[in-house]
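Colleague: My questions will all concern the structure given below.
Number of protein chains: 4
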Amino acid sequence: MTSKPANLTRIQSERRDEILSSALEIFSKNGYKGASINKIAQAANMSTPRLLYHFSDKEKLYSDLLSSTLSLWIDPLEFIGQTDDAVEEICNYVRRKIEMSRDYPRESRLFASEILIGIERADDSLFDPLHQIFRDKIELIQRWSNEGKIAPVDPYHLIYSIWATTQHYADFDVQIRTLSPQKMENLFDDAEAFLIPMYTKLLTPSR
Amino acid sequence: MTSKPANLTRIQSERRDEILSSALEIFSKNGYKGASINKIAQAANMSTPRLLYHFSDKEKLYSDLLSSTLSLWIDPLEFIGQTDDAVEEICNYVRRKIEMSRDYPRESRLFASEILIGIERADDSLFDPLHQIFRDKIELIQRWSNEGKIAPVDPYHLIYSIWATTQHYADFDVQIRTLSPQKMENLFDDAEAFLIPMYTKLLTPSR
Amino acid sequence: MTSKPANLTRIQSERRDEILSSALEIFSKNGYKGASINKIAQAANMSTPRLLYHFSDKEKLYSDLLSSTLSLWIDPLEFIGQTDDAVEEICNYVRRKIEMSRDYPRESRLFASEILIGIERADDSLFDPLHQIFRDKIELIQRWSNEGKIAPVDPYHLIYSIWATTQHYADFDVQIRTLSPQKMENLFDDAEAFLIPMYTKLLTPSR
Amino acid sequence: MTSKPANLTRIQSERRDEILSSALEIFSKNGYKGASINKIAQAANMSTPRLLYHFSDKEKLYSDLLSSTLSLWIDPLEFIGQTDDAVEEICNYVRRKIEMSRDYPRESRLFASEILIGIERADDSLFDPLHQIFRDKIELIQRWSNEGKIAPVDPYHLIYSIWATTQHYADFDVQIRTLSPQKMENLFDDAEAFLIPMYTKLLTPSR
DNA sequence: AATGAATGAGAATTCATTCAT
DNA sequence: GATGAATGAATTCTCATTCAT
Numbered sequence: 180m181t182s183k184p185a186n187l188t189r190i191q192s193e194r195r196d197e198i199l200s201s202a203l204e205i206f207s208k209n210g211y212k213g214a215s216i217n218k219i220a221q222a223a224n225m226s227t228p229r230l231l232y233h234f235s236d237k238e239k240l241y242s243d244l245l246s247s248t249l250s251l252w253i254d255p256l257e258f259i260g261q262t263d264d265a266v267e268e269i270c271n272y273v274r275r276k277i278e279m280s281r282d283y284p285r286e287s288r289l290f291a292s293e294i295l296i297g298i299e300r301a302d303d304s305l306f307d308p309l310h311q312i313f314r315d316k317i318e319l320i321q322r323w324s325n326e327g328k329i330a331p332v333d334p335y336h337l338i339y340s341i342w343a344t345t346q347h348y349a350d351f352d353v354q355i356r357t358l359s360p361q362k363m364e365n366l367f368d369d370a371e372a373f374l375i376p377m378y379t380k381l382l383t384p385s386r
Numbered sequence: 180m181t182s183k184p185a186n187l188t189r190i191q192s193e194r195r196d197e198i199l200s201s202a203l204e205i206f207s208k209n210g211y212k213g214a215s216i217n218k219i220a221q222a223a224n225m226s227t228p229r230l231l232y233h234f235s236d237k238e239k240l241y242s243d244l245l246s247s248t249l250s251l252w253i254d255p256l257e258f259i260g261q262t263d264d265a266v267e268e269i270c271n272y273v274r275r276k277i278e279m280s281r282d283y284p285r286e287s288r289l290f291a292s293e294i295l296i297g298i299e300r301a302d303d304s305l306f307d308p309l310h311q312i313f314r315d316k317i318e319l320i321q322r323w324s325n326e327g328k329i330a331p332v333d334p335y336h337l338i339y340s341i342w343a344t345t346q347h348y349a350d351f352d353v354q355i356r357t358l359s360p361q362k363m364e365n366l367f368d369d370a371e372a373f374l375i376p377m378y379t380k381l382l383t384p385s386r
Numbered sequence: 180m181t182s183k184p185a186n187l188t189r190i191q192s193e194r195r196d197e198i199l200s201s202a203l204e205i206f207s208k209n210g211y212k213g214a215s216i217n218k219i220a221q222a223a224n225m226s227t228p229r230l231l232y233h234f235s236d237k238e239k240l241y242s243d244l245l246s247s248t249l250s251l252w253i254d255p256l257e258f259i260g261q262t263d264d265a266v267e268e269i270c271n272y273v274r275r276k277i278e279m280s281r282d283y284p285r286e287s288r289l290f291a292s293e294i295l296i297g298i299e300r301a302d303d304s305l306f307d308p309l310h311q312i313f314r315d316k317i318e319l320i321q322r323w324s325n326e327g328k329i330a331p332v333d334p335y336h337l338i339y340s341i342w343a344t345t346q347h348y349a350d351f352d353v354q355i356r357t358l359s360p361q362k363m364e365n366l367f368d369d370a371e372a373f374l375i376p377m378y379t380k381l382l383t384p385s386r
Numbered sequence: 180m181t182s183k184p185a186n187l188t189r190i191q192s193e194r195r196d197e198i199l200s201s202a203l204e205i206f207s208k209n210g211y212k213g214a215s216i217n218k219i220a221q222a223a224n225m226s227t228p229r230l231l232y233h234f235s236d237k238e239k240l241y242s243d244l245l246s247s248t249l250s251l252w253i254d255p256l257e258f259i260g261q262t263d264d265a266v267e268e269i270c271n272y273v274r275r276k277i278e279m280s281r282d283y284p285r286e287s288r289l290f291a292s293e294i295l296i297g298i299e300r301a302d303d304s305l306f307d308p309l310h311q312i313f314r315d316k317i318e319l320i321q322r323w324s325n326e327g328k329i330a331p332v333d334p335y336h337l338i339y340s341i342w343a344t345t346q347h348y349a350d351f352d353v354q355i356r357t358l359s360p361q362k363m364e365n366l367f368d369d370a371e372a373f374l375i376p377m378y379t380k381l382l383t384p385s386r
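Residue numbers (the numbering used here), protein chains in the order written: chain A, 180 to 386; chain B, 180 to 386; chain C, 180 to 386; chain D, 180 to 386.
Okay, here's the thing in structure tokens:
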């Protein structure tokens, strides 16, 4: 999981944050291979050796960045199931995921490219926390489905579908900008106006 | 669309195909930056200069590959609207896109990484043919929506959603393999079993 | 000396001429190293192997070009001494050299870059014909000088100086174009108007 | 003029000097295209990337070398006009240019090949300082000519002729070595003994 | 006589990383 | 702690030349 060193001075942790912020910018725009730690160091206003003092190598920086960002994926998922209104719970999840795409597109693209291209990693436990919660929620949705609180659906594909439709707006941003006549400002509202009814229709149990 | 040279000798077109095949493999796995023409040449059993004899440079190889693959994206779209059963037409499109993800995942990932990371291209008209047909179909779906043949939906977001949900199975393959309990063989059937009802519910006009 | 094969078909010798003409253009503009036989072949509208059929390799092409062009340097020199008016003879030589710079600047630059940069040549007898005539004329001028037909001057430096001042207009063309306010059309006339009086003053014997 | 970075560490300026010295040797002997930074690095006893650490690329190294050498061309020109003896002033310029050819032949050849072959440069302002002073001196000589301090001559062609005759000994060194019977030691003295009377005769106003 | 195809040597970079100060 | 300096491996591409047909 996150291997952030436990005891850091304030300065050290400020530097780490500056670096991670630049790394997010550069990695999400260029992918792992396309990004050079030089450019990242430059964006963070420091020399490369100084960057490497904080993160021992490029791969460490990259995976620390990924794991420090993972909560953005996990958090919205965690909230599912606070209330008993199953359809609404899932729709709220969709809403939160849309917000994420709007507010944190770089993080979304970072993950997308990691999954799409992926680097060989010695330790591939990076996504373990996500997977744990994923399984919990799968179970929850399955229960809801069994109990008739939502229409019967395959919970796996439901979540895949939600991830796909919501993250698409961040990850394929470039294409959508080209194709859409709408201003980007309204785009996410329109997306919500499309997706919420879709999932509502899908999930509302027929009487 | 980069036009494949019209008159090729036998050897040229054989070599081109060998190279493009290896290039698809390597580019889709590693992205543009992560792929070296060395590795591609090696995979195609030839020396790098020999490869470069057939494709003048890396970028040319890459964009020729993209454009030679673009029809896989365009073709299923083109078929929409053969019959008058609007809901069925769109569902069939979904089915075809699922098949594409199953049968041509590398091509799907190639495009995904191009849109996600994208290289600056001198001539960015690569996607023009897709965009043209896209607009045609947007118009068609809008008409269907107006005429009440499908429920009222935003055609843009409908297509984005179809692209997202279907291509997701190819593009995020790695993640899905990890998370899904199903055997991959059934995965695409299950996906279809999930998506077709979803879009049917969404699109069937309420009377 | 010139190693032009003795017996050539008409077609062969036409091809050779086409190639030499393109080679002159490319070599004089880019130097030996900067010129590629590809570009030369292209400029001559033929494939590189076909070019290499006529000239076994790049160096051969280059030195054949040099020797086929050498007469432009030699010819004006050869004429010196037709009449007995020594000053006029030399001035006429200057005039002819100026014409050469005006009419054959590429040839002049080709030689200049050969002397300036020079490639290591197995057989460095290329300039032998020039040197032979050079020595003859040195002798002639020395005699004129001894006989008082021209003012006493070092014949070597006289010829160097004539070469330098006249060829300069072809070889340093780029610089002169930048510095000179005159139109290029008049440039060579102006040069003559400057140089002839200079050499006349220099050479006219004082009584 | 490419500006040498203002603040250099000790090592930086030492390395720069070593590299520039090797670069002068290699570039002046082989021209821009014929010189490889490999050879230059080797001559400077370092690896190519180490060289490239100090000069970002080949062209930068080349143009830094040119501009650092430009003063050799400019300085002798600048001195013209210190005294009022116009003929002597110009003759002294000739003498200084001959010294330059004797003492800095590689620099002279470097410039000659740049003008002769020239590389396309993003910023072609390299020679601006020279051109500025050139124009000043043109004006001065024109004034002298108008005032009768020297015989009436075209100042442009006068300077071209001085450049041509003096630089010739450095630039065409190879040819001169072959043709001249003199030992090289005396060559420059002999050149001076030829050129000074020539320009004196040319410039001395007839009363 | 001619071309398409291929080769191997080198060229100029780039880049993650290390070292010395 | 931090930077300037350097390294070595890899990468893209060029080019003279050769080979097979």
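Where a beta carbon is used, it is the ideal one built from N, C-alpha and C, also for glycine.
Just confirm the distance between the C-beta atoms of residue 246 of chain A and residue 305 of chain A, as a whole number of angstroms; I'd bet it's less than 8 Å.
Modeller: Their Cβ separation, rounded to whole angstroms, is 6 Å, which keeps residue 246 of chain A and residue 305 of chain A in contact under 8 Å.
Colleague: On the premise that residue 382 of chain A lies in contact with residue 329 of chain A, defined as a C-beta separation below 8 Å, what is that separation, rounded to the nearest angstrom?
Modeller: That belief holds up - the Cβ atoms of residue 329 of chain A and residue 382 of chain A are roughly 4 Å apart, short of 8 Å.
Colleague: Give the residues of chain D in contact with residue 300 of chain C, contact being defined as C-beta atoms less than 8 Å apart.
Modeller: Within 8 Å Cβ-Cβ: nothing; residue 300 of chain C doesn't reach chain D, min ~12 Å.
Colleague: Does the beta carbon of residue 354 of chain D come closer than 8 Å to any beta carbon on chain C?
Modeller: For residue 354 of chain D, the answer is yes, since a Cβ of chain C falls inside 8 Å of its Cβ.
Colleague: Give the secondary structure of residue 259 of chain A by DSSP, where H, G and I count as helix, E and B as strand, and everything else as coil.
Modeller: Three-state DSSP puts residue 259 of chain A in coil, outside helix and strand.
Colleague: Return the CA-CA distance between residue 230 of chain B and residue 203 of chain B, expressed in angstroms with no decimal places.
Modeller: Going from the Cα of residue 230 of chain B to the Cα of residue 203 of chain B covers about 14 Å.
Colleague: Determine the direct distance from the alpha carbon of residue 298 of chain C to that of residue 311 of chain D, and round the result to whole angstroms.
Modeller: Computed Cα separation, rounded: 35 Å.
Colleague: Name the two residues that bound the continuous alpha helix (DSSP H) containing residue 274 of chain D.
Modeller: Looking at the DSSP string, the run of the alpha helix (DSSP H) that includes residue 274 of chain D is 265-282.
Colleague: Which of the residues in the stretch 290-318 of chain B, read from start to end, lie with their CB under 7 Å from any CB of chain A?
Modeller: Answer set for the stretch 290-318 of chain B: 291, 292, 294, 295, 296, 297, 310 and 313.
Colleague: Closer than 7 Å by beta-carbon distance: list the chain B residues that pair up with residue 336 of chain A, in chain order.
Modeller: Per Cβ cutoff of 7 Å: 369, 370 and 373.
Colleague: Given 8 Å as the limit, is there contact between the stretch 365-384 of chain D and the stretch 261-279 of chain D, that is, 3 or more CB pairs closer than that?
Modeller: Short answer: they touch.
Colleague: With DSSP run on the structure shown, which of helix, strand or coil describes residue 329 of chain C?
Modeller: Three-state result, residue 329 of chain C: coil.
Colleague: Would residue 288 of chain D and residue 223 of chain D be called neighbours here (beta carbons separated by less than 8 Å)?
Modeller: Contact flag unset, no.
Colleague: Out of D:205, D:375, D:228 and D:314, point me to the one whose CA is closest to residue 344 of chain D's CA.
Modeller: Per the Cα distances, D:375.
Colleague: Count the other CB atoms within 10 Å of the CB of residue 190 of chain D; is the residue buried (16 or more) or exposed (fewer)?
Modeller: Residue 190 of chain D comes out exposed.
Colleague: Just to confirm, are residue 291 of chain A and residue 295 of chain B a CB contact at a threshold of 8 Å?
Modeller: A contact, by the Cβ cut-off of 8 Å.
Colleague: Counting only Cβ-Cβ distances shorter than 7 Å, please list the residues of the stretch 203-231 of chain D near chain C, keeping chain order.
Modeller: For the stretch 203-231 of chain D, which is checked against every Cβ of chain C, the residues closer than 7 Å are 209, 210, 212 and 213.
Colleague: Could you compute how far the alpha carbon of residue 158 of chain B sits from the alpha carbon of residue 252 of chain B?
Modeller: The question about residue 158 of chain B has no answer here: the residues shown for chain B are numbered 180 through 386.
Colleague: Could you say if the stretch 258-267 of chain D and the stretch 255-267 of chain C meet the contact criterion of at least three C-beta pairs nearer than 8 Å?
Modeller: With a cut-off of 8 Å, the stretch 255-267 of chain C and the stretch 258-267 of chain D do not count as touching, because too few Cβ pairs lie within range.
Colleague: If the cut is a Cβ gap below 7 Å, which residues of chain B does residue 339 of chain A touch?
Modeller: Here the neighbours are 347 and 355.
Colleague: Along chain D, which residues have their Cβ under 9 Å away from the Cβ of residue 288 of chain C?
Modeller: Within chain D, the residues near residue 288 of chain C are 295 and 296.
Colleague: Counting C-beta neighbours from all protein chains within 10 Å, is the total for residue 198 of chain A 16 or more, i.e. buried, or is it exposed?
Modeller: The residue in question, residue 198 of chain A, is buried, as its Cβ has 16 or more Cβ neighbours within 10 Å.
Colleague: In the structure shown, what three-state DSSP assignment does residue 130 of chain D receive?
Modeller: Residue coverage of chain D in this structure runs from 180 to 386, which leaves residue 130 of chain D outside it and unanswerable.
Colleague: If we count the other Cβ atoms within 10 Å of its Cβ and call it buried at 16 or more, is residue 360 of chain A buried or exposed?
Modeller: Residue 360 of chain A is exposed by the Cβ-count criterion.
Colleague: Are the beta-carbon atoms of residue 352 of chain A and residue 255 of chain A separated by less than 8 Å?
Modeller: For residue 352 of chain A and residue 255 of chain A, no; Cβs fall outside 8 Å.
Colleague: Look at the Cβ atom of residue 212 of chain C, then the Cβ atom of residue 209 of chain D, and state whether they are nearer than 8 Å.
Modeller: In this structure, residue 209 of chain D lies closer than 8 Å to residue 212 of chain C by Cβ.
Colleague: How is the alpha helix (DSSP H) around residue 201 of chain D delimited, first residue to last?
Modeller: Looking at the DSSP string, the run of the alpha helix (DSSP H) that includes residue 201 of chain D is 189-213.
Colleague: Using a Cβ cut-off of 8 Å (strictly closer), state whether residue 358 of chain D contacts chain C.
Modeller: For residue 358 of chain D, the answer is yes, since a Cβ of chain C falls inside 8 Å of its Cβ.
Colleague: If you measure beta-carbon to beta-carbon, which residues of the stretch 264-280 of chain C are closer than 9 Å to chain D?
Modeller: Going along the stretch 264-280 of chain C in chain order, one finds no residue with a Cβ nearer than 9 Å to chain D.
Colleague: Restricting to Cα atoms, I'd like to know which of D:239, D:258 and D:327 is closest to residue 302 of chain D.
Modeller: Nearest C-alpha to residue 302 of chain D: D:239.
Colleague: Is the Cβ of residue 388 of chain A closer than 8 Å to any Cβ of chain B?
Modeller: The question about residue 388 of chain A has no answer, for chain A in this structure spans 180 to 386.
Colleague: Short of 7 Å in beta carbon distance, which residues of its chain neighbour residue 400 of chain C, apart from the five on each side in sequence? Order them along the chain.
Modeller: This structure cannot settle anything about residue 400 of chain C, because the visible part of chain C is limited to 180 through 386.
Colleague: Could you have a look at residue 217 of chain D and say whether DSSP puts it in helix, strand or coil?
Modeller: Helix at residue 217 of chain D.
Colleague: Could you tell me the boundaries of the alpha helix (DSSP H) in which residue 247 of chain A lies?
Modeller: First-last of the alpha helix (DSSP H) with residue 247 of chain A: 237-248.
Colleague: Using a beta-carbon distance below 8 Å, is residue 350 of chain C in contact with chain D?
Modeller: With 8 Å as the cut-off, residue 350 of chain C counts as an interface residue toward chain D.
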